[in-house]
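FYI, my numbering numbers position 69 of the sequence shown as 204, with every residue one higher than the one before it. No residue lacks a Cβ here, since even glycine has one placed at the ideal position from N, Cα and C. Given the structure is predicted, the values throughout are model-derived calculations rather than measurements.
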Amino acid sequence: MAENNATDITAWIETKIIDFVENSPENSLKNDAKEPAWDSPLVGFSRGDDSLFDELKNDIGPFYWTPAELFNLAYPERKVSTNELAVISWILPQTLTTRKAHRRETSHPSENWSRSRLHGENFNELLRSQVVEWLHEAEIAAVAPLNMPQWEWQESQRYGYASNWSERHAAYVAGLGTFGLSDGLITPVGKAMRCGSVVARMPTAPAKRPYTKYNAYCLFYSQGTCGKCINRCPAEAISDSGHDKKRCAAYIKEVTSPYVEKSLGEAVSSCGLCQVKIPCETGIPKVSGNHAAAAPE
Ligand code: SF4
Ligand code: SF4
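Given below as structure tokens:
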């Protein structure tokens, strides 16, 4: 990478991420059909001095990291200022095959979905490490927050159980999506996805967000319609009041995780029934009159 301006570096890392997801043999469900775990990713960037990071900290709790706080934990010897940092975020969309298999399920996760939760998330971890490695090779200091030993879950007074860095919130700041009734992030490639991020000391332009409200893409909040994810949840963890995290976690712990352990040999936190067969499964749902766009069958 000869050039060193913001556009060149972000374009370079975006190309590397897309190429890795599209071509790595590790992007695999590790099933007999040798299917990939993820479709081609979306990549977005935000700057460490984005005021949304401070707003998230104020909202979620003092334990929630800003990019500078986590970076200075990882690199205590070189204090950075917020505007020197970039947050690189990506969205890994579920494949059509996985989404179709998952749409047929009503109480337990499809095997494909559980494989993506297990092997696909392992690939996501590899991607986080790989992005850090590429940046280090280019002499750019970088860290994947979820790979840090200090990354943990704590109790948020307002939201209950919450981690000190959220991949979905980083993607939201980067302009990649807004939150839905079920707490999932609705992105241009839908809500059936997983995401990741890396914080790096590199230049980037301020994020361009095509929204101003944190829940702008959800038809329930923007139009007062839809609510289709409510009926997709077998645990009754989604309602007009939003997502009941405790109920959701209990269902996964007591029902889906032991179920997956029997088939895959590992107790994976797999469920995500609320992420398919809904109008926001594969994209930002379109508004048609006063009615939500149909959910895919
Ligand atoms: S299914 Fe409808 S109500 Fe639920 S998150 Fe998507 S748009 Fe919002
Ligand atoms: S992940 Fe499963 S239990 Fe949790 S809200 Fe979605 S459908 Fe319900």
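Using CA atoms only, rank isn't needed, just tell me which of the options is closest to residue i.
i: Val390; options: Val403, Val156, Pro431; result: Val403
i: Glu272; options: Arg293, Leu316, Ala335, Lys397; result: Ala335
i: Ile387; options: Val278, Glu371, Leu191, Asp189; result: Glu371
i: Arg238; options: Glu416, Lys412, Lys421; result: Lys412
i: Phe355; options: Ala342, Asp375, Gly331; result: Asp375
i: Leu262; options: Ser398, Ile373, Val156; result: Val156
i: Arg252; options: Asp189, Ser405, Ser357; result: Ser405
i: Ile104; options: Gly400, Ser317, Ile365, Gly312; result: Absent from the structure is residue 104, since the part of the chain shown begins at 136 and ends at 432.
i: Ala277; options: Glu219, Cys415, Gln410; result: Glu219
i: Tyr210; options: Cys353, Ile275, Thr232, Leu177; result: Ile275
i: Ala430; options: Ala327, Thr347, Gly400, Tyr394; result: Ala327
i: Gly196; options: Ile152, Pro176, Ser291; result: Ser291
i: Arg329; options: Glu170, Gly407, Leu205; result: Gly407
i: Met337; options: Ser242, Val222, Ile153, Lys381; result: Val222
i: Glu396; options: Lys192, Glu149, Ser249; result: Ser249
i: Trp300; options: Gly331, Ser317, Leu316, Leu270; result: Gly331
i: Val178; options: Glu149, Pro284, Glu204; result: Glu149
i: Gly295; options: Tyr199, Gly310, Met283, Asn158; result: Tyr199
i: Lys151; options: Leu205, Leu270, Arg182, Phe206; result: Leu270
i: Ser398; options: Asn247, Asn140, Gly255; result: Asn247
i: Ile165; options: Phe258, Gln285, Glu268; result: It should be pointed out that residue 165 corresponds to Lys in this sequence rather than to Ile. It is Phe258.
i: Asp154; options: Arg344, Thr142, Asp174, Asn140; result: Asp174
i: Asn366; options: Thr347, Pro341, Lys348, Thr241; result: Thr241
i: Ala384; options: Ala297, Thr417, Ala351; result: Ala297
i: Asn350; options: Ala340, Ser317, Ala342, Arg382; result: Ser317
Is any heavy atom in ligand 1 found nearer than 6 Å to the beta carbon of residue i?
i: Cys406; result: no
i: Lys363; result: yes
i: Leu354; result: yes
i: Cys415; result: yes
i: Leu434; result: Not covered by the structure: residue 434. The range shown for the chain is 136 to 432.
i: Gly183; result: no
i: Leu316; result: yes
i: Pro171; result: no
i: Pro420; result: yes
Taking the alpha helix (DSSP H) that residue i belongs to, which residues open and close that run?
i: Pro393; result: 392-399
i: Arg263; result: 256-272
i: Ser186; result: 186-195
i: Ile365; result: 363-367
i: Trp200; result: That residue, Trp200, is in no alpha helix (DSSP H); it is neither H nor E in DSSP.
i: Lys235; result: 231-238
i: Ser357; result: 354-358
i: Arg250; result: 246-250
Tell me, which residues are paired with residue i by DSSP?
i: Trp147; result: DSSP lists no partner for Trp147.
i: Trp288; result: Ser298
i: Ile321; result: Thr313
i: Gly377; result: Ser374
i: Ala118; result: A question about residue 118 goes unanswered here, because the residues of the chain that appear run from 136 up to 432.
i: Trp173; result: Gln229
Just to check, is the beta-carbon of residue i closer than 6 Å to a non-hydrogen atom of ligand 2?
i: Tyr210; result: no
i: Ala277; result: no
i: Ala372; result: yes
i: Tyr386; result: yes
i: Cys409; result: yes
i: Cys368; result: yes
i: Lys330; result: Before going on, a small fix: residue 330 reads as Cys here, not Lys. Not so, every heavy atom of ligand 2 lies at least 6 Å from the Cβ.
Determine the extent of the beta strand (DSSP E) in which residue i is found, giving its start and end residues.
i: Ala224; result: Per the sequence shown, the amino acid found at residue 224 is Ser instead of Ala. Per DSSP, Ser224 belongs to the beta strand (DSSP E) from 220-228.
i: Arg329; result: 328-336
i: Arg182; result: 177-182
- Query: With a cut-off of 8 Å, do at least 3 Cβ pairs link the stretch 318-326 to the stretch 224-231?
  - Reply: Short answer: they touch.
- Meets three-Cβ-pair contact criterion under 8 Å: the stretch 350-366 and the stretch 179-194: As far as the Cβ criterion goes, the stretch 350-366 does not touch the stretch 179-194, which means the pair count is below three.
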